[in-house]
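First the structure, in the form of structure tokens, and then the observations on it.
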Amino acid sequence: MGDITDSSNSRPLVSLPANSNHHHDLMNVQLLPTKLDGTNYLAWSHFVRLYITGKGRIGYLTGEKKQPDNTDPKFITWVEEDAMLRSWLLQAMTPDISLGYMRLDSAHAIWDAVSQTYSEGGCDAQIYKLKHRIQATTQQGKTLETYFNSLQALWQELDYYQPCDMKCSNDTAALKKRIEKERTFEFLAGLNPDLDQVRTQVLGKDPFPSLREAYAYVRAQALRRSAMVMPPSLEGSALTSTANHSAWAPPVHQSSSSAAVSSSNVAKSSKSDDKDALKCDYCHQTKHVREQCFKLNGYLPWWPGKKGEKAEGSKGG
């Protein structure tokens with residue numbers, strides 16, 4: 001940005017840094033996962049701090065970026081950037097929440113006031129609520145990643161209210177290791193029943209794995225199992241493929257005698273099937289028609305037990 005000058009004598013009033021780009025470096029409030037609504041301060045404040053740190057302006061929130069004297073060349077830059085942050089913070093709140101902070105004169109004042117109002121560090125009721133939610137969280141058909149990440153979010157929030165602050169670094173390390181083992185138990189306890197065997201395998205490992213090692217092992221086993229189980233649609237496709245292969249399989253070469261026997265059997269079977277479909281409308285028996293009926297037309301000489309017997313149709317009156 002160039003110098004701000006007095007139009008009467010073209011003399012610079014305030015010399016701004018040439019590389020200042022705060023007018024163009026706009027901060028997008030839409031990048032926030034959610035606005036502050038009074039119940040989500042912990043997640044909201046974490047993302048705000050992360051985002052503003054990335055913009056190089058965290059000092060405005062913490063108060064480390066002090067307001068310069070109004071004769072300082074950097075005064076205008078500070079005023080404009082602080083105003084931009086105040087506007088961004090207010091837009092990052094729901095309308096009813098932002099009304100209570102609109103008149104505060106700096107981003108640091110807004111940040112401190114919100115922290116004093118909604119920060120519940122050390123709140124026993126909040127700790128109890130989190131522990132209860134952790135105990136009630138199970139996989140219940142969710143993907144392994146979704147289940148594990150849900151627990152991770154609850155554990156991190158609990159760490160905010162119960163920090164591992166101890167005088168001795170060795171004691172701190174031991175406490176963190178014990179907490180991690182307890183969380184591994186909590187993760188394993190909530191797995192779906194079909195992972196019971198995998199859970200047993202993790203519990204039987206020596207040395208006992210870390211939380212992330214346990215998660216990685218369970219995930220690998222779950223992926224291996226899903227790869228081994230063929231979905232019904234694929235099974236149907238495999239059966240269809242097998243049937244098609246059988247239909248298009250090349251003919252088996254037979255010897256002449258085998259082929260003759262096979263042809264004879266097929267002919268007999270075909271002939272038998274044709275006779276089964278016939279029915280005489282005179283005697284109502286099967287396997288022949290009226291014109292072939294012995295009872296009507298007379299028995300042939302070779303017919304057993306009926307030799308010389310006349311047909312009913314030729315008997316006299």
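Heads up: the sequence shown begins at 1 in the UniProt record's numbering, then just goes up one per residue.
Heads up, the beta-carbon is just placed ideally off N, CA and C, and yes, glycines get one too.
Selection Cys283, Ser87 and Trp78 evaluated against Arg103 yields Ser87 as nearest (Cα-Cα). With 16 or more other Cβ atoms inside 10 Å of its own Cβ, Met84 counts as buried. Comparing alpha-carbon positions, the option among Asn40, Leu203, Leu32 and Cys293 lying closest to Ile52 turns out to be Leu32. With a 10 Å radius around the Cβ and a threshold of 16 neighbouring Cβ atoms, Thr117 comes out exposed.
Cβ-Cβ separation between Ser210 and Glu180: approximately 6 Å, consistent with a contact (criterion under 8 Å). Judged by pairs of C-beta atoms under 8 Å, the region 140 to 148 touches the region 187 to 202, as three or more such pairs exist. Cβ-Cβ distances below 7 Å link His288 to Leu278 and Cys280 in the same chain, with the five nearest sequence neighbours on each side left out; the list follows chain order. DSSP places Lys279 within a strand segment (E or B) once states are collapsed to three. Within the region 46 to 121, no beta strand (DSSP E) run of at least 3 residues lies entirely inside it. Between His108 and Tyr60 a beta carbon distance of about 6 Å is seen, short of the 8 Å cut, so the two are scored as contacting. Per DSSP, reduced to three states, the secondary structure at Leu191 is coil, with no helix or strand assignment.
Here Thr184 is buried. Its C-beta has 16 or more other C-beta atoms within 10 Å. Relative to the Cα of Glu157, the nearest Cα in the group Met93, Ala227, Tyr299 and Ile127 belongs to Ile127.
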